[in-house]
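Report on the structure given below.
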């Protein structure tokens, strides 16, 4: 079997690991360069296409050539309905638009009554891995990056999930308030109209894989926003959630969930040590609820023709200070998966599951046709 991969430049680092992992099973992996003129995916027996959203919005803004590439990929998807795709471009386009994702997730929370949920009393290590980068580091290079991260105050702390009683308590999943600030908008009126208080987080409306999509900042005064307005609009204005200086990076690869606890700011105090202890209280049931919430939002977006659940995405979650309220502050399609040391193997399993499902469905369809004949 031949499997074709279309990966952005920054994801090519996983290609060698994937090739080795597949080779052990007698499967050849071909890499297709989306940037190459004339790249034409479709020469594979059992193919999985790993495309990326960084081209979807770049082509709209700046490049006719990128538009041609995107059109080519979309035509290929339409002509090869029987080939599994991770993930379809229309799903990537939706997940890369912060305003659309936020809107649908807020609707889903209201519709499903998920604004306040009761935590299950047990952690489930089979579905969520909350482990340590130090314990599962990838050699000296990984340790050096960890040491550098500590010096820069960007420690990543991982805590093993254990199957043990953690006590009954309630937790809630929430979305920060937000609105889109358009070009030429009256900043003060927009804030009053949306009942938004300072400080706020300012983000690009698209999270499309480019470096500029991560250019966010905290604004403490309206004047600061006015001065930078011509550079940042359109942008997403998001309520700032006071938290315990820890961010939960939730990585979803198929059915696998991995959580990395990343410390956002170094503090040499007793409160800081308590913060790390508190980080263990992210319930595994909250992780699965967050994933289900995202899948339900996608089903709502594509009501008549759902593309299926996303298989490669990340969620950034913070815990509101002194509460059990968990806020989804960002969602990234195909993030870097930094700290998920088994990512190549997890990705391989997702690809094989997708191929087996598609080939099985195809065989079942052919069998039914034979029976009809």
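Residue numbers (UniProt numbering): 1 to 373.
Ideal Cβ positions, reconstructed from N, Cα and C, are used throughout, including at glycine.
Model, not experiment: these values are computed from the prediction.
- With distances taken Cα to Cα, identify the nearest neighbour of residue 315 among 253, 199, 103, 221. That would be 253, whose Cα lies nearest to the Cα of residue 315.
- Task: Apply the 10 Å Cβ neighbour rule to residue 207 and answer buried if 16 or more other Cβ atoms are within range, or exposed otherwise.
- Result: buried
- Sorted by chain position, which residues of the same chain lie with C-beta nearer than 7 Å to residue 211's C-beta, five sequence neighbours on each side aside? Closer than 7 Å at Cβ, skipping near neighbours: no residue.
- Are the CB atoms of residue 178 and residue 102 nearer to each other than 8 Å? yes
- Where residue 133 falls: helix, strand or coil (DSSP): The predicted model places residue 133 with a pLDDT of 34, which falls under 50 and marks its position as unreliable, so this point remains unresolved.
- Query: Nearest CA to the CA of residue 191: which residue from 231, 84, 239, 292?
  - Reply: 239
- Helix, strand or coil at residue 172 [DSSP, three-state]: strand
- In this structure, what does DSSP give as the bridge partners for residue 27? Partner(s): none; residue 27 has no beta bridge.
- Query: Three or more beta-carbon pairs under 8 Å between the region 342-354 and the region 82-101, yes or no?
  - Reply: yes
- Query: Skipping 5 residues on each side, what residues in its chain have a beta carbon closer than 7 Å to that of residue 345?
  - Reply: 21
- Item | Between the CA atoms of residue 242 and residue 251 - distance to the nearest angstrom | 23 Å
- Task: Measuring alpha carbon to alpha carbon, tell me which of 323, 341, 331, 347 ends up nearest residue 170.
- Result: With distances taken between Cα atoms, residue 170 lies closest to 323.
- Query: Out of 79, 296, 95, 23, which has the shortest C-alpha to C-alpha gap to residue 313?
  - Reply: 95
- Query: Looking at C-alpha atoms only, which residue of 197, 229, 339 is the closest neighbour of residue 203?
  - Reply: 229
- Alpha-carbon spacing of residue 288 relative to residue 174, whole angstroms: 14 Å
- If you check the beta carbons only, do residue 347 and residue 14 fall under 8 Å apart? yes
- Taking all protein chains shown into account, do 16 or more other C-beta atoms lie within 10 angstroms of the C-beta of residue 217, making it buried, or fewer, making it exposed? exposed
- Looking at the unbroken alpha helix (DSSP H) that takes in residue 198, where does it start and where does it end? Careful: residue 198 lies outside any alpha helix (DSSP H) and carries neither H nor E.
- Item | Option nearest residue 297 by Cα separation, candidates 185, 105, 29 | 105
- Message: Please state the DSSP three-state secondary structure of residue 213.
- Response: helix
- For residue 219, which three-state DSSP category applies? Correct three-state label for residue 219: strand.
- Query: What's the C-alpha gap between residue 187 and residue 197?
  - Reply: 12 Å
- Query: Skipping 5 residues on each side, what residues in its chain have a beta carbon closer than 6 Å to that of residue 88?
  - Reply: 307
- Task: Could you have a look at residue 246 and say whether DSSP puts it in helix, strand or coil?
- Result: The answer is strand: DSSP assigns residue 246 an E or B state.
- Item | Cβ-Cβ distance between residue 182 and residue 233 below 8 Å | In this structure, residue 233 lies closer than 8 Å to residue 182 by Cβ.
- Item | Pair within 8 Å by beta-carbon distance, residue 247 and residue 318 | yes
- Query: Since residue 331 is in the beta strand (DSSP E), which residue starts that stretch and which ends it?
  - Reply: 325-333
- residue 339 vs residue 260 beta-carbon contact at 8 Å: yes
- Message: Taking only three categories from DSSP, how would you classify residue 192?
- Response: Under the three-state reduction of DSSP output, residue 192 falls in the helix class.
- Using alpha carbons as the reference points, say which of 341, 219, 75, 310 lies closest to residue 331. 310
- Query: If residue 249 sits next to residue 264, beta carbons under 8 Å apart, how far is it from one beta carbon to the other, in whole angstroms?
  - Reply: Incorrect: roughly 11 Å between the Cβ atoms, too far for contact.
- Item | Whole-angstrom distance between residue 293 and residue 300, CA atom to CA atom | Roughly 11 Å separates the two Cα atoms.
- Mind reading off the beta-carbon distance from residue 335 to residue 205? Whole number of angstroms is fine, and I expect it under 8 Å. The Cβ separation is near 18 Å, so there is no contact.
- Message: So for residue 261, helix, strand or coil by DSSP?
- Response: In this structure, residue 261 counts as strand in the three-state DSSP scheme.
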